[in-house]
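Enquirer:
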Amino acid sequence: MLSLFVSTCVMTGSPLFARAYGWSGSEHAHSVAPTNDGGFAIIGRTNSYGAGYDDFLLVKVSSAGVLEWTRTYGGTGHDYGMQVFQTQDMGYVMAGYTGSYIGYYTLLIKTSSSGTLQWAKAYNIYPAWWVTWEGYLYPASDGGFVLTGGNGEIIVAKLSSGGAIQWAKRINGPNDDSPGHIIETSDGGFVVVGYTTSWGSGPSDFIVVKMAPDGSVQWARVYGGPSYERALSVAEVADGNMVVVGYTGTFNPNDDILVLKVSMSDGSLIWGRAFDAGSNEQACDVVATADNCVAILCYRYLLKMDLSGNLLWSRRIPISGYGLTNSTDGDLVVAGYASPNNIDFGLLRVGLDGNYSGCLSNWSPTVMDGAVASSPITVGEDITVSSIDVTPEVYTPNLVTTNICTPVDVSEEERWFGREVVCFPVSGGLAFNSQIPEITLSLYSPDGRLVYSGHLRKGENRISLGQGVYLWRAGDYKGKAVVR
């Protein structure tokens, strides 16, 4: 079997930067997503503009962090944007919390590529934001979406591309439970993480539930020690397993960052690590990186680990981070808030080496064995979720951009040193950037069927492919890529 890594796009020449975007009130970013043009979409909330107390704020910036356009969406109450992704039609889908319509509901908004409102629905799922401050939306490979939420329970709902409910499940514990992030896995199923007080070793434990594409539960486990643990985010990593991130009180009185590597097949614990930052780390996110590692954000800290659990580097960052993603050329991008003009959207872009002179500083956490107890549980039942169509008001605010750190240009040679063949998704297929004059390329379906064979020339090579998951090999280089 091929040893795999998740490929990302390669677009060179973008500088490292740390910028703030805001106005006279409060603008608080919660997540960021890469866009097909190499830029970023940032979602959060604002009380500087809009129809009510707070509105969704969507900000589009270039690969260099240059502000391109902004929109607010909301009603007369509180509307907080929490998660954003670019959709297959190059538009955007956003999820968050709304109190503007018929109660505390989850709000889903779909727009065009320029931010024009196309449709919006409110679902009678109590927003997970209220408890975890985490997002709860993920795009599915069929063009639809999956949502999590719940008040004292974990609810997962699968939606069509138009927002219609296809199925909904409850992770039905007898006590209070709450979801964090959800992802789609390479087998077309889903993983949802969160915390539970219904099972486990302490007052609250990590809960991880692996679901099939139809929502049926394949396995569910809890992980924890004698104190509290709360899982906030999860990522599928290069070897097909997952890394789960959250915080724990088992090892120190203060909240420690807890990182668990877990088997995708049955949930068994592979390894655990805890990092003592000496302060509150209750906002965490995790992504697989383009160089077959994993990056972890916890508020003011950013760190990178290999898949054996070794810490490669750790940094303090100049913004309070809530969301982490990969840029289309493999850099790390953090969204959160900064304070140059009260509270503003903050956005940080840094390379995979974690170096950004004058902006990031070294951080040396205490590293502890985080191998907590783990046990299986039995969960899952069908429920009914309803929705109503709503029409948020849309405004175009004018935001001010402030440099938090001086932008730094990084050359193509520095950015991709040591990686001679890199795969990245493009519209309608995959592209390969090769530094080798000529090399044989083979592409396979997940079941091992050869779907393409040819040669790569030095430079960029584009291969037209349909939607799906592909395994590739070019000489000694190999990997996995998803065409959406």
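Numbering (the working numbering), first residue to last: 736 to 1219.
Glycine is no exception: its CB is placed at the ideal position from the N, C-alpha and C atoms.
1) Please classify Thr804 as buried or exposed, where buried requires at least 16 neighbouring CB atoms within 10 angstroms.
2) Which residue's Cα is closest to the Cα of Gly937: Ser1122, Ile1198, Val1107?
3) Compute the distance between the beta-carbons of Leu1176 and Gly1189, then report whether it is under 8 Å.
4) What are the start and end residues of the beta strand (DSSP E) that includes Asn1196?
5) Tell me the start and end of each unbroken alpha helix (DSSP H) in the segment 790-874 that is at least 4 residues and wholly inside, in chain order.
6) To the nearest angstrom, report how far apart Ala947 and Gly885 are at their CA atoms.
7) In this structure, how does DSSP classify Asp1124 when only helix, strand and coil are distinguished?
8) Can you say whether Gly816 is buried or exposed, counting buried as having 16 or more other CB atoms within 10 angstroms of its CB?
9) Exposed or buried, which one is Met825 when buried takes at least 16 other CB atoms within 10 Å?
10) Quick one: give me the first and last residue of the beta strand (DSSP E) that Glu1155 is part of.
11) Is Val957 closer than 8 Å to Met969 when the C-beta atoms are compared?
12) How is Phe775 classed by DSSP in three states: helix, strand or coil?
13) Skipping 5 residues on each side, what residues in its chain have a beta carbon closer than 7 Å to that of Leu1095?
14) Are the segment 1019-1033 and the segment 983-994 touching, with three or more C-beta to C-beta distances below 8 Å?
15) Would you tell me roughly how many angstroms separate the C-alpha atoms of Val1156 and Ser1180, rounded to the nearest one?
16) From what residue to what residue does the beta strand (DSSP E) around Thr1101 run?
17) Let me know the secondary structure DSSP gives Thr931 once reduced to three states.
18) Where Ser759 and Ala1073 are concerned, what is the direct C-alpha to C-alpha distance, given to the nearest angstrom?
19) In whole angstroms, what is the alpha-carbon distance linking Ser1109 and Ala855?
20) Nearest-angstrom Cα distance between Asn907 and Arg1197?
21) List the residues that DSSP assigns as beta-bridge partners of Pro750.
22) Figure out for me which residue from Asp940, Val891, Asp814, Phe752 has the closest Cα to the Cα of Gly787.
23) According to DSSP, what are the bridge partners of Cys1033?
24) According to DSSP, is Ala1097 part of a helix, a strand, or is it coil?
25) Using only CA atoms, which one of Asn1061, Gln1202, Ala875, Gly800 lies nearest to Ala1025?
26) Between the alpha carbons of Glu1148 and Val1069, how many angstroms are there, rounded?
27) Note down the Cα distance separating Thr851 from Ala1009, rounded to an integer number of angstroms.
28) What residue range is occupied by the uninterrupted beta strand (DSSP E) comprising Trp954?
29) Of the choices Gly810, Arg780, Thr770, whose alpha-carbon is the least far from that of Val796?
30) Going along the chain, which residues of its own chain have a beta-carbon closer than 6 Å to the beta-carbon of Ser1122, five neighbours each way excluded?
31) Could you give the residue range of the beta strand (DSSP E) that holds Gly1203?
32) Please list, in chain order, all residues of the same chain as Gly1081 whose beta carbon is under 6 Å from its beta carbon, the five residues on each side excluded.
33) According to DSSP, is Asp1011 part of a helix, a strand, or is it coil?
34) Tell me which residue opens and which closes the beta strand (DSSP E) that Thr1060 is part of.
35) I need the DSSP call for Glu971, collapsed to helix, strand or coil.
36) What is the rounded straight-line gap between the Cα of Thr1113 and the Cα of Trp954?
Expert: The short version:
1) Checking the sequence shown, residue 804 turns out to be Trp, not Thr. Counting Cβ neighbours within 10 Å, Trp804 comes out exposed, since fewer than 16 surround it.
2) Val1107
3) yes
4) 1185-1199
5) 864-867
6) 20 Å
7) strand
8) buried
9) exposed
10) Taken as a continuous stretch (DSSP letters only), Glu1155 belongs to no beta strand (DSSP E), as it is neither H nor E.
11) With the sequence shown as reference, residue 969 is identified as Val, and Met is not the correct amino acid for it. In this structure, Val957 does not lie closer than 8 Å to Val969 by Cβ.
12) strand
13) Arg1050, Arg1051, Ile1052, Val1085, Gly1089
14) yes
15) 20 Å
16) 1101-1104
17) strand
18) 13 Å
19) 40 Å
20) 47 Å
21) None; Pro750 has no bridge partner.
22) Asp814
23) Cys1019, Tyr1036
24) The amino acid occupying residue 1097 in the given sequence is Asn; Ala does not appear at that position. Reduced to three states, the DSSP call for Asn1097 is strand.
25) Asn1061
26) Reliability fails at Glu1148, whose pLDDT of 40 lies under 50, so the model's placement of it is uncertain and the value that follows must be treated cautiously. Glu1148 and Val1069: Cα-Cα distance of roughly 23 Å.
27) 44 Å
28) 952-959
29) Thr770
30) Lys856, Tyr858
31) 1203-1209
32) Ala755, Ile1054, Gly1071, Tyr1072, Ala1073
33) strand
34) 1046-1061
35) strand
36) 8 Å
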